[in-house]
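Peer 1: The structure is given below, and queries will be raised subsequently.
Number of protein chains: 2
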Amino acid sequence: MSLEYAILVSLQERAGSGYELARRFDKSIGYFWSASHQQIYRSLKRMVELDWVSCDEVAQDKRPDKKVYRVSESGAAELARWLAEPVDPPAVRNELSVKIRGASFGDTERVAEEVARHRRGHDERLAVYRAIEERDFPAPQGLSGQQLHQYLVLRGGIRTEESMLAWCDEILAAMRADRD
Amino acid sequence: MSLEYAILVSLQERAGSGYELARRFDKSIGYFWSASHQQIYRSLKRMVELDWVSCDEVAQDKRPDKKVYRVSESGAAELARWLAEPVDPPAVRNELSVKIRGASFGDTERVAEEVARHRRGHDERLAVYRAIEERDFPAPQGLSGQQLHQYLVLRGGIRTEESMLAWCDEILAAMRADRD
DNA sequence: CCACACATGTAAAACGTTACATGATTCG
DNA sequence: CGAATCATGTAACGTTTTACATGTGTGG
Chain A
1 MSLEYAILVS
11 LQERAGSGYE
21 LARRFDKSIG
31 YFWSASHQQI
41 YRSLKRMVEL
51 DWVSCDEVAQ
61 DKRPDKKVYR
71 VSESGAAELA
81 RWLAEPVDPP
91 AVRNELSVKI
101 RGASFGDTER
111 VAEEVARHRR
121 GHDERLAVYR
131 AIEERDFPAP
141 QGLSGQQLHQ
151 YLVLRGGIRT
161 EESMLAWCDE
171 ILAAMRADRD
Chain B
1 MSLEYAILVS
11 LQERAGSGYE
21 LARRFDKSIG
31 YFWSASHQQI
41 YRSLKRMVEL
51 DWVSCDEVAQ
61 DKRPDKKVYR
71 VSESGAAELA
81 RWLAEPVDPP
91 AVRNELSVKI
101 RGASFGDTER
111 VAEEVARHRR
121 GHDERLAVYR
131 AIEERDFPAP
141 QGLSGQQLHQ
151 YLVLRGGIRT
161 EESMLAWCDE
171 ILAAMRADRD
């Protein structure tokens, strides 16, 4: 049910259509909660039934009509309730770790290449996060409220990518040393 | 299908029953791939059908019989094939980030408490990992092959927990400063 | 005698991914 | 004229989670 709450947060920040939400889940929100448009439309349907959101059909000029969703009073109450509730730490599932642990049962060279490939991905993602940080939060000291919270989540992304990058480097160095 | 490969890796390290695998997924393997006993029994069934593992029933003294699984030749080949194949980076889904980003729409104090709770969890897990590191890998420089790979996966866990811990501290400090 | 470890499963519900499906407008 | 963007969905399939289900032996 977490997707529903991620949608509530996003709609609280700004009301929007399913399509607009899908765009947001491709970028900002998507950096910490990914969802496809199919999931989003399905969830919105459910959330209308639960009366967590209301839906207004808006006719547009030279574009298809869209349905603008906004958080209802009971949706806001439900979000507040969920925010105060403890959550379990997520189950760990790291496919790359499985490959590293099993490397000896296959071609270790190929596994090392895979690690290098992941390294590049983390490097790119880190560059994106850092660009957002510089552009949107040039003076983090003065932030408060919603902006501070957005910044802190971005900081989590930066820290995670930095950590993954350093780990990939450690693996690559150790595997190279082992090979020689 | 990744669970199947995690099981193949574990059975390559040592043959065992479904129950024993479930225990391993509660600790060592579980630190980077979690799975319940229901999932494991279902996967083993499928893997027998695919002929990736063979199964011997072993009668035990004063204990229920058990089925010992071991990787077959075709299972070993399948694992080697999968190891060389690239995988997509996993979809990000961080519930705590959703709560932080949405904190302003509820009781920020309660969200901060939740962050503190997670911080304790990461701290405990880090202590466990560090204990394993000291006990099992006192001289990491000399490691090679399977042991090196196990060590590198453990290093990933340590780095992740350290990173999460530092992030939680950053959040708590910033939220405290914002409140005052 | 009760709880815990050993040992193996089934079934239903929730959730996620992939494929299919449609149709308008804008930009090169 | 074809590709991209806007806009919304359905259906099938696979995986994961949660609950249910059963039975033996050991130690306190």
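Protein chains in written order, with UniProt numbering: chain A, 1 to 180; chain B, 1 to 180.
We put the CB at the ideal spot given by N, CA and C, even for glycine.
So, helix, strand or coil for P64 of chain A, using DSSP?
Peer 2: Here P64 of chain A sits in strand by DSSP.
Peer 1: Give the single residue among A:G157, A:I40, A:S97 whose Cα lies nearest to the Cα of A128 of chain A.
Peer 2: With the sequence shown as reference, residue 128 of chain A is identified as Val, and Ala is not the correct amino acid for it. Closest option to V128 of chain A, Cα to Cα, is A:G157.
Peer 1: Closest by CA to E57 of chain A, which one among A:E133, A:S144, A:V68, A:L165?
Peer 2: Nearest C-alpha to E57 of chain A: A:V68.
Peer 1: Is the beta carbon of V98 of chain A sitting closer than 9 Å to the one on V71 of chain A?
Peer 2: Their beta carbons are not under 9 Å apart, which means V98 of chain A does not touch V71 of chain A by this criterion.
Peer 1: Compare the beta carbon distance of R155 of chain B and W33 of chain A with 9 Å and say whether it is the shorter of the two.
Peer 2: Cβ atoms of R155 of chain B and W33 of chain A: not closer than 9 Å.
Peer 1: When the Cα atoms are used, what is the spatial distance from E4 of chain B to P90 of chain B?
Peer 2: Cα to Cα, the separation comes out at about 17 Å.
Peer 1: Inspect the beta-carbon positions of G106 of chain B and L152 of chain A and report whether they are closer than 9 Å.
Peer 2: Not a contact, by the Cβ cut-off of 9 Å.
Peer 1: If you measure beta-carbon to beta-carbon, which residues of the region 81-101 of chain A are closer than 9 Å to chain B?
Peer 2: Going along the region 81-101 of chain A in chain order, one finds R81, W82, L83, A84, E85, P86, V87, D88, P89, P90, A91, V92, R93, N94, E95, L96, S97, V98, K99, I100, R101 with a Cβ nearer than 9 Å to chain B.
Peer 1: Is the Cβ of S104 of chain A closer than 9 Å to any Cβ of chain B?
Peer 2: So yes, S104 of chain A belongs to the interface.
Peer 1: Where I7 of chain B and H37 of chain A are concerned, what is the direct C-alpha to C-alpha distance, given to the nearest angstrom?
Peer 2: C-alpha separation (whole angstroms): 33 Å.
Peer 1: Identify the contact partners of R59 of chain A in chain B, using a Cβ-Cβ distance below 8 Å as the criterion.
Peer 2: Arg is not the amino acid found at residue 59 of chain A; the sequence shown has Ala there. Those within 8 Å of A59 of chain A in chain B number zero; the least Cβ separation is about 30 Å.
Peer 1: Using only the alpha-carbon positions, how far apart do L44 of chain B and M164 of chain A sit?
Peer 2: Distance between the alpha carbons of L44 of chain B and M164 of chain A: 32 Å.
Peer 1: Exposed or buried, R125 of chain A, counting other C-beta atoms within 10 Å across all chains shown (16 or more means buried)?
Peer 2: Its Cβ being crowded by 16 or more others within 10 Å, R125 of chain A is buried.
Peer 1: Could you tell me how far apart the beta carbons of V87 of chain B and I100 of chain B are, in whole angstroms, since I believe they sit closer than 8 Å?
Peer 2: Between I100 of chain B and V87 of chain B the Cβ distance is about 28 Å, and since that is not below 8 Å, they are no contact.
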